[in-house]
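Participant:
In this note's numbering, the protein residues as written are 4 to 571.
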């Protein structure tokens, strides 16, 4: 009471140790000063009791000279300081001031750390948002926890070896999104080069340094943003007007923030890359579905080439392109853009077996050329072409075509473009093969139809249910039925026996062939048939199985001729 009250403190005085413990727990003072030797409870007993009640009230122990063991135990129990008797007024006041100042600093540090942890939790929940939002939140947090006037965040551009200002707070008109700093000769650049933080305080007017073009600061704190030991940027705060200095605690807080911020920034970057890759993949799948649908709707080779080339140009950065297709020894080109003019120029006309196109057709491997002027196999092409992407169209092990895309920009095509074009070439190969097969089938069908029309014997086919599929002209002439009238009808309904028992000798023969899979010929005494007009016709028939590609019997083919004259 005598020492503390005149110095501005408000003491709570207890007459014994038990009352002092009760006052401490109930009133929660800023500081407890306790003597080791007191009635009832000792000073160490008081410290133990405070600890048991999980109280963090700072305490100073007063003990006698030579009580080293007591002092050690007191410090172990949480005492912040001790005073040995006898002591003077200044000694006690200095101990009180030091203890309270350190305690308040610890509390401020704890609050700052708690705020930082809360902000870090906010950063950890930002997965999936834009990188710009993450950067702005990081700078805002840096200014808040360090109580700085300004804050900024710069990211490294590895290609230009420059630091680009990506976010800032309280910098007013000085903040420009296109602001850049060199890594070689700047303070922030030193942080990038060394991976170590930089802190400056209390600079006189003539000592102030340029942190960014156009203005000076009094104090500054820069820390690196690291991802797997690689510095990706710099997080900085500064004071341009205020005299406040940055402390080691500020450095610790900003460094801790930078560790979490670097992870959040990298996550945002990876998310943006993943999202872009996913968007591109969705566009590619949509394009593939479109081209597959369109290709399935046509069997014209020229139409197929035009559709494929259109999709290739829409999905890449190409300014021009062409497709060459080799069929039956003939080569046809389809083009769009400035290559069309080159195709009509004898000197620039593409060669199937030369240049980059020739390499692709010769090896069957795609070619991705970043700069054609550095490629030794450049054989032809317009002068404006700088990059080229060519992929083969393959049928089994044979190259039947090539897709060639070109651009006036160096490095216009990437691995994603290459992957897409390989898939597109596969679709083109299937479509072109289908068109070839369809042409072959149509030609074969026409030949078969001509043969069937030219022979004198009647021929018809049935499926496994004995329903008529086809009827040739000779069969129409012999029976009087038209193919359009009997297609889909049962054989026994058309080829009926002309006898009282009815039935169908033809249907019996076909049934036997379907069961055995072996050809058969009708008996010489086979009954006559009723024609469409009711007249009787004697026929001699041969039935053979109709097989598919898997050699399965799927129907029958019947050849017959009119033997009425011979029977007579």
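Each residue gets a CB set at the ideal place from its N, CA and C atoms; glycine is no exception.
In its own chain, which residues sit with a C-beta less than 6 Å from the C-beta of residue 545, not counting the 5 before and 5 after it?
Facilitator: The answer, listed in chain order, is 524, 562.
Participant: For residue 4, which residues in the same chain have their Cβ closer than 7 Å to its Cβ, ignoring the five residues on either side in sequence?
Facilitator: So the list reads 14, 16, once near-sequence residues are dropped.
Participant: Just verifying my parser: in three-state terms, what is the DSSP assignment at residue 56?
Facilitator: Residue 56 falls in the coil class under three-state DSSP.
Participant: Hey, out of 427, 223, 468, 239, whose CA is closest to residue 288's CA?
Facilitator: It is 427 whose Cα lies nearest to the Cα of residue 288.
Participant: Provide the residue(s) that pair with residue 227 in DSSP beta bridges, ordered along the chain.
Facilitator: Answer is 237, bridged to residue 227.
Participant: Is it the case that the Cβ atoms of residue 465 and residue 559 are separated by a distance below 7 Å?
Facilitator: Cβ atoms of residue 465 and residue 559: closer than 7 Å.
Participant: Bridge partners of residue 548, per DSSP?
Facilitator: Note: residue 548 sits in a beta bridge opposite 559.
Participant: Just mark residue 285 as buried or exposed, buried being the case when its beta carbon has 16 or more other beta carbons within 10 Å.
Facilitator: By the 10 Å Cβ count, residue 285 comes out exposed.
Participant: Going by beta-carbon coordinates alone, are residue 47 and residue 76 separated by less than 7 Å?
Facilitator: Yes, these two residues count as a Cβ contact at 7 Å.
Participant: Output the boundary residues of the alpha helix (DSSP H) element that contains residue 343.
Facilitator: That run of the alpha helix (DSSP H) goes 342-346.
Participant: Given this structure, state the Cα-to-Cα distance separating residue 441 from residue 449, to the nearest angstrom.
Facilitator: If I take the Cα positions, the gap works out to 12 Å.
Participant: Kindly indicate the opening and closing residues of the beta strand (DSSP E) around residue 325.
Facilitator: Element bounds for residue 325: 323-330.
Participant: List the whole-angstrom C-beta distance separating residue 307 from residue 435, where the pair is believed to meet the contact cut-off of C-beta under 8 Å.
Facilitator: With a Cβ gap of about 6 Å, residue 307 and residue 435 count as contacting.
Participant: Would you call the CB atoms of residue 235 and residue 159 closer than 7 Å?
Facilitator: The answer is yes: Cβ separation under 7 Å.
Participant: Spell out the partners DSSP gives residue 167 in its beta bridges.
Facilitator: Beta-bridge pairing links residue 167 to 158, 183.
Participant: Kindly indicate which three-state DSSP category residue 88 falls into: helix, strand or coil?
Facilitator: Residue 88 falls in the strand class under three-state DSSP.
Participant: Measure the beta-carbon distance from residue 303 to residue 438 and round it to whole angstroms, keeping in mind my assumption that it falls under 8 Å.
Facilitator: Sure, about 7 Å apart at Cβ, within 8 Å.
Participant: Can you give me the Cβ contacts of residue 543 inside the same chain, cut-off strictly under 7 Å, excluding the 5 residues immediately before and after it?
Facilitator: Same-chain partners within the cutoff: 525, 563, 564, 566.
Participant: Over what stretch of residues does the beta strand (DSSP E) that includes residue 395 continue unbroken?
Facilitator: Here the beta strand (DSSP E) through residue 395 covers 390-398.
Participant: Check whether the region 389-402 and the region 250-270 touch, using three or more Cβ-Cβ pairs below 8 Å as the test.
Facilitator: With a cut-off of 8 Å, the region 250-270 and the region 389-402 do not count as touching, because too few Cβ pairs lie within range.
Participant: Among residues of its own chain, excluding the 5 on either side of residue 541, which ones have a beta-carbon nearer than 6 Å to its beta-carbon?
Facilitator: Closer than 6 Å at the Cβ level, and outside the excluded window around residue 541, lie 531, 566, 567, 570.
Participant: Please confirm whether residue 494 and residue 517 have their CB atoms less than 7 Å apart.
Facilitator: No; because the gap between Cβ atoms is not below 7 Å, this pair is not in contact.
Participant: Hey, out of 202, 557, 444, whose CA is closest to residue 240's CA?
Facilitator: Minimum Cα distance to residue 240 is reached at 202.
Participant: If you compare alpha carbons, which of 272, 242, 253, 369 is closest to residue 417?
Facilitator: Here the closest residue by C-alpha is 369.
Participant: Which class does residue 387 belong to by DSSP, given the choice of helix, strand or coil?
Facilitator: In the structure shown, residue 387 sits in coil (DSSP, three-state: anything other than H, G, I, E or B).
Participant: Tell me the start and end of each unbroken alpha helix (DSSP H) in the region 421-507 that is at least 4 residues and wholly inside, in chain order.
Facilitator: You should have 476-482, 486-489, 494-497.
Participant: Looking only at its own chain, which residues have a Cβ that is under 7 Å from the Cβ of residue 509, when we skip the five neighbours before and after it?
Facilitator: 494, 498, 544, 561.
Participant: Straight-line CA distance for residue 215 to residue 111?
Facilitator: Its pLDDT being 47, under 50, residue 215 is placed unreliably by the model, and the measurement read from it follows with that caveat. Going from the Cα of residue 215 to the Cα of residue 111 covers about 31 Å.
Participant: In the DSSP assignment, what are the bridge partners of residue 242?
Facilitator: 222.
Participant: Could you tell me the distance, in whole angstroms, from the CA atom of residue 376 to the CA atom of residue 431?
Facilitator: Whole-angstrom Cα-Cα distance: 29 Å.
Participant: Contact between the region 242-250 and the region 188-195 is defined here as three or more beta-carbon pairs at a separation below 8 Å; is this criterion met?
Facilitator: They do not touch, by the three-pair rule.
Participant: With distances taken Cα to Cα, identify the nearest neighbour of residue 273 among 134, 408, 198.
Facilitator: Comparing Cα-Cα distances from residue 273 to each of 134, 408, 198, the minimum goes to 134.
Participant: Could you give the distance in angstroms between the alpha-carbon of residue 98 and the alpha-carbon of residue 66?
Facilitator: The straight-line gap from Cα to Cα measures roughly 14 Å.
Participant: Taking only the alpha-carbon atoms, compute the straight-line gap between residue 480 and residue 547 and give it to the nearest angstrom.
Facilitator: Distance between the alpha carbons of residue 480 and residue 547: 22 Å.
Participant: Below 8 Å CB to CB, which residues in the same chain sit around residue 37 once its five sequence neighbours on both sides are set aside?
Facilitator: Cβ neighbours of residue 37 beyond the five flanking positions: 20, 23, 46, 49, 50, 62, 63, 64, 65.
Participant: Under 8 Å by Cβ, that's how I've got residue 342 and residue 327 pegged, so tell me the actual separation to the nearest angstrom.
Facilitator: At roughly 11 Å, the Cβ-Cβ gap does not stay under 8 Å, so residue 342 and residue 327 are not in contact.
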